[in-house]
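Q:
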Amino acid sequence: MAQQQLTHAKERRALRLTEFDTKFETFVRKHNVSQETISEILSLDVNKLIQRQCSENRFKAVELLIAYVSKSKSVNDEFNCIQYFFPESLDIAEQLDQDNKDDLPLFGIPFSVKANFHMPGYPSDCGLVKKWNQLETKKNSFVEHLESLGGIPFCHTTVPQALISYVCTSPIYGTTKNPHNPKCSPGGSTGGDACLVALGGTPFGTGSDLAGSLRIPSSFCGISSMKPCERTLISFNSNQGMPGKSRIALSYGFLTKHAYEQEILWRIFFKDDSYQIKVPLTIPGGIRFSEFRKPKKVGFFKTTGFVDPVPSNRRALEDVLKALEEDGCQLYEFKLPPGNFIAHLAFNSVISDNGDYLWENYKGEIVDEYLKQFHLLLSLPTIVKRIGSFFLQWISPQLQILASTGNLDVVELRNIQADIDDMTKKFIYQFQENEIDFIVCPQFAVPAVPHKYPQNLAACAIDTVLWNLCDFPAGVVTTDKVNDQDIEDLDKEHDKRSWNIVVNTIYEASKETLGNPIGVQCVALPYQEGKLLKFMTYIEKLMRKNN
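Note that the UniProt record's numbering numbers the sequence shown so that position 209 is 209, with each residue one more than the last.
So this is what it looks like as structure tokens:
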């Protein structure tokens, strides 16, 4: 049955892509946009494109759509980052040009949509064959609002099978490649969007972040994203990955090539209270912006203590800290609780049901080759996990924590939630008592690694999930690439006699990352997203000047 459903799903995807190609070719012939115009459009960053569209000399919506669909099709042919194109976008573009309204700040600007966002007439199946024919009837509220501002959603981008992973692959849609190294993962779960943004196939992308799903792919693909606090932007009509989640903040946001492009999108999105009226669970006021002042004191930590960053990612952080000091900022070492304690809270919150929801998702599925070991771990009986956890404490503390995850009763789960509340308050007190403006910390323990490794490196997600746990806004800024010295240092520092499976896997995975992007993660106090976005831009400019 699963094989038959998989065949049907693949056939429908191929048919829809072919049908779109035919319609798009007719559309291109009809509107006859010059190559010179297409090149000009693709040369503009988001800020300049929006400025142009708010002027009297704006591009036609059909010109923008032809430029970006043409580019995205060539990107998809090589990197497999798009599930479906939306033929409806062709009609939307023509209607925008016909109406020719002056009050749409995103007039005619195409954007990509993460495939867990519902779009009428399309499946939000997350690569699961059991859901291949469940077509959505409602539109995601985030996408709908961007449309009301003049934007044009034009494609659904790839996500991992069952969503909870940072390898972007599924039996239906195949494996998405990293734009800097096709042998490596683009990250996940917003991997398709990140790849498309990095290669200029869309001006900006949209995505969600439950444990790093915006920030991890942005890190791997060398772009930027910011996870706001959960209630800053609640989104209706999407596959959340883990419904009924326990104390893990789910956020929605944008993916852009550069940090400086984030602010203008957020300003436009929250230009008035119209979104809050549509989705009243969102806090009134949206994101508040003020004039940027260079920070006086920046907190930092170099590791959570659970998984240490590899030399390349450590260097990225150290370079930023050095640049901050040279620019007159005072540094303060931010104190964290023990890494194993953070991991215990984080992973028991992500899989508080002992993995039952994910296991049900995979039941009856043809599991993707790059997710089979993750699936195997989900299948282990609780008693096996408990016994394994006992013995693993002497071999790999990281695996010991992961093996014990989810084996909780209601009282233990309540205590974990109380510990999360306590840790969050202590972080806030530390910010306030030491007059810290922001935190700079590792964006992830590893750069983009080959596709086969993420299923064995869930422990690395501690760097991103920490800020979902506390619901602090956090964003990533790309600053450099892995160099030869980083790879040499990796080899020098690794203990070849180590029995630690996680540490050894990190070493093996990171040997193949030369040239892949690296950067830092920036964090602010809750509901200070406006300040954080300006700080991210400051870091980006500072590192560009230093490099």
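Backbone N, C-alpha and C fix where the C-beta goes; we use that ideal spot for every residue, glycine too.
Between leucine 253 and serine 225, which are expected to be in contact by the criterion C-beta below 8 Å, what is the C-beta distance as a whole number of angstroms?
A: Numbered from 1 along the sequence shown, position 253 holds the residue referred to as residue 253. Numbered from 1 along the sequence shown, position 225 holds the residue referred to as residue 225. Looking at the sequence provided, one finds glycine at residue 253 rather than leucine. Confirmed, Cβ separation roughly 6 Å.
Q: Assign valine 367 to one of three DSSP states: helix, strand, or coil.
A: Position 367 of the sequence shown holds residue 367. If DSSP states are grouped into helix, strand and coil, valine 367 belongs with coil.
Q: Does the beta-carbon of threonine 137 have 16 or more other beta-carbons within 10 angstroms, so that it is buried, or is it exposed?
A: Position 137 of the sequence shown, counted from the start, is the residue given in the question as residue 137. Exposed, since its Cβ has fewer than 16 Cβ neighbours within 10 Å.
Q: Around the C-beta of glycine 328, are 16 or more other C-beta atoms found within 10 angstroms, so that it is buried, or is it exposed?
A: Residue mapping note: residue 328 aligns to position 328 of the sequence shown, counting from 1. Under this definition glycine 328 is an exposed residue.
Q: If you follow the alpha helix (DSSP H) that glutamate 88 is in, where does it begin and where does it stop?
A: On the sequence shown, residue 88 is found 88 positions in, with the first residue counted as 1. Taken as a continuous stretch (DSSP letters only), the alpha helix (DSSP H) holding glutamate 88 covers 88-99.
Q: Between which two residues does the alpha helix (DSSP H) containing glutamine 4 stretch?
A: Within the sequence shown, numbered from 1, the residue matching residue 4 stands at position 4. Its alpha helix (DSSP H) spans residues 2-31.
Q: Exposed or buried, glycine 121, counting other C-beta atoms within 10 Å across all chains shown (16 or more means buried)?
A: Here the question's residue 121 lines up with position 121 in the sequence shown. The residue in question, glycine 121, is exposed, as its Cβ has fewer than 16 Cβ neighbours within 10 Å.
Q: Rounded to whole angstroms, what is the Cα-Cα separation between phenylalanine 20 and proline 473?
A: Position 20 of the sequence shown, counted from the start, is the residue given in the question as residue 20. Position 473 of the sequence shown, counted from the start, is the residue given in the question as residue 473. Looking at the two C-alpha atoms, the distance is approximately 38 Å.
Q: Going by the beta-carbon positions, is the gap between cysteine 155 and glycine 187 smaller than 9 Å?
A: Stepping through the sequence shown from its first residue, residue 155 is reached at position 155. Stepping through the sequence shown from its first residue, residue 187 is reached at position 187. No; because the gap between Cβ atoms is not below 9 Å, this pair is not in contact.
Q: Return yes when the Cβ of lysine 426 is within less than 9 Å of the Cβ of glycine 406, no when it is not.
A: Here the question's residue 406 lines up with position 406 in the sequence shown. Here the question's residue 426 lines up with position 426 in the sequence shown. No, these two residues do not count as a Cβ contact at 9 Å.
Q: With cysteine 184 and asparagine 516 assumed to form a contact (beta carbons below 8 Å), what rounded beta-carbon distance in angstroms separates them?
A: Looking up residue 184 in the sequence shown gives position 184. Looking up residue 516 in the sequence shown gives position 516. The pair is a contact, with the Cβ atoms about 6 Å apart (cut-off 8 Å).
Q: Taking C-beta to C-beta, are glycine 127 and valine 159 nearer than 9 Å?
A: The sequence position of residue 127 within the sequence shown is 127, counting from 1. The sequence position of residue 159 within the sequence shown is 159, counting from 1. Yes, these two residues count as a Cβ contact at 9 Å.
Q: Output the distance between the C-alpha atoms of valine 520 and glutamate 25, rounded to the nearest integer angstrom.
A: Residue numbering aside, residue 520 sits at position 520 when the sequence shown is read from its first letter. Residue numbering aside, residue 25 sits at position 25 when the sequence shown is read from its first letter. Spanning the two alpha carbons is a distance of roughly 42 Å.
Q: Tryptophan 132: buried (16+ other C-beta within 10 angstroms of its C-beta) or exposed?
A: Counting from one through the sequence shown, the residue named residue 132 turns up at place 132. The residue in question, tryptophan 132, is buried, as its Cβ has 16 or more Cβ neighbours within 10 Å.
Q: Given this structure, state the Cα-to-Cα distance separating serine 404 from arginine 247, to the nearest angstrom.
A: Along the sequence shown, read from residue 1 onward, the residue named residue 404 stands at position 404. Along the sequence shown, read from residue 1 onward, the residue named residue 247 stands at position 247. In a straight line, the C-alpha of serine 404 is about 18 Å away from that of arginine 247.
Q: Going by C-alpha to C-alpha distance, which of Leu408, Ser389, Glu230 sits closest to glutamine 400?
A: Locating residue 400 in the sequence shown gives position 400, counting from the first residue. Here the closest residue by C-alpha is Ser389.
Q: What's the call for arginine 58, buried or exposed, on a 16-neighbour Cβ count within 10 Å?
A: Position 58 of the sequence shown, counting from 1, holds the residue named residue 58. Arginine 58 should be labelled buried.
Q: Taking the straight line between their C-alpha atoms, what separation do you get for leucine 265 and glutamine 51?
A: Locating residue 265 in the sequence shown gives position 265, where the first residue counts as 1. Locating residue 51 in the sequence shown gives position 51, where the first residue counts as 1. Distance between the alpha carbons of leucine 265 and glutamine 51 is about 12 Å.
Q: Would you mind sorting threonine 157 into buried or exposed? The rule is 16 or more other CB atoms within 10 Å of its CB.
A: Locating residue 157 in the sequence shown gives position 157, where the first residue counts as 1. With 16 or more Cβ atoms within 10 Å of its Cβ, threonine 157 is classed as buried.
Q: Would a C-beta distance cut-off of 9 Å place alanine 513 and serine 312 closer than the cut-off?
A: Counted from its first residue, the sequence shown places residue 513 at position 513. Counted from its first residue, the sequence shown places residue 312 at position 312. In the sequence as displayed, the identity of residue 513 is threonine instead of alanine. Result yes, Cβ atoms of threonine 513 and serine 312 sit closer than 9 Å.
Q: Which residues mark the beginning and the end of the alpha helix (DSSP H) in which tyrosine 275 is found?
A: Mapped onto the sequence shown, residue 275 falls at position 275. Here the alpha helix (DSSP H) through tyrosine 275 covers 274-278.
Q: Can you look up glutamine 330 in the DSSP assignment and give me helix, strand or coil?
A: Start at 1 with the first residue of the sequence shown, and residue 330 comes out as number 330. Looking at glutamine 330 - three-state DSSP - the assignment turns out to be strand.
Q: Enumerated in chain order, which unbroken segments of the beta strand (DSSP E) with a length of 3 residues or greater are wholly contained in the stretch 260-314?
A: Whole beta strand (DSSP E) segments, 3+ residues: 297-300.
Q: Would you mind reading off the limits of the beta strand (DSSP E) that contains serine 141?
A: As a working note, residue 141 is residue 141 in the sequence shown. It is not in any beta strand (DSSP E) - serine 141 instead sits in the alpha helix (DSSP H) that spans 141-148.
Q: Please look up how many angstroms separate the CB atoms of glutamate 365 and valine 129, rounded, as I've assumed it's under 8 Å.
A: The residue labelled residue 365 in the question sits at position 365 within the sequence shown. The residue labelled residue 129 in the question sits at position 129 within the sequence shown. The pair is a contact, with the Cβ atoms about 6 Å apart (cut-off 8 Å).
Q: Just mark threonine 22 as buried or exposed, buried being the case when its beta carbon has 16 or more other beta carbons within 10 Å.
A: As a working mapping, residue 22 is identified with position 22 in the sequence shown. Flag for threonine 22 reads exposed.
Q: Once DSSP output is grouped into helix, strand and coil, what is the label at tyrosine 507?
A: Residue numbering aside, residue 507 sits at position 507 when the sequence shown is read from its first letter. The answer is helix: DSSP assigns tyrosine 507 an H, G or I state.
Q: Please report the distance separating the alpha-carbon of methionine 119 from that of valine 310.
A: Position 119 of the sequence shown holds residue 119. Position 310 of the sequence shown holds residue 310. Cα-Cα distance, rounded: 39 Å.
Q: Beta strand (DSSP E) containing threonine 137: first to last residue?
A: Stepping through the sequence shown from its first residue, residue 137 is reached at position 137. Note, threonine 137: premise wrong, no beta strand (DSSP E); not H, not E.
Q: Between which two residues does the beta strand (DSSP E) holding valine 477 run?
A: Along the sequence shown, one-based indexing puts residue 477 at 477. Start and end: 474-481.
Q: Do glutamate 435 and lysine 297 count as a contact pair if the criterion is CB distance below 9 Å?
A: Locating residue 297 in the sequence shown gives position 297, where the first residue counts as 1. Locating residue 435 in the sequence shown gives position 435, where the first residue counts as 1. Yes, these two residues count as a Cβ contact at 9 Å.
Q: Assuming contact is defined by CB atoms lying nearer than 9 Å, are threonine 190 and tyrosine 527 in contact in what I supplied?
A: Working through the sequence shown from its first residue, we reach residue 190 at position 190. Working through the sequence shown from its first residue, we reach residue 527 at position 527. The answer is no: Cβ separation not under 9 Å.
Q: Count the C-beta pairs between the stretch 70-79 and the stretch 139-148 that are closer than 8 Å, then say yes if the count reaches three, no if not.
A: No, the stretch 70-79 is not in contact with the stretch 139-148.
Q: To the nearest angstrom, how far is the alpha carbon of glutamine 430 from that of threonine 304?
A: Taking the first residue of the sequence shown as position 1, residue 430 is located at position 430. Taking the first residue of the sequence shown as position 1, residue 304 is located at position 304. Approximately 16 Å, taken between the alpha carbons.
Q: Can you tell me whether DSSP reads leucine 250 as helix, strand or coil?
A: Translated into positions along the sequence shown, residue 250 becomes position 250. Reduced to three states, the DSSP call for leucine 250 is coil.
Q: I need the straight-line Cα distance from phenylalanine 341 to aspartate 419, nearest angstrom please.
A: Numbered from its first residue, the sequence shown carries residue 341 at position 341. Numbered from its first residue, the sequence shown carries residue 419 at position 419. Each residue's Cα considered, the two are about 10 Å apart.
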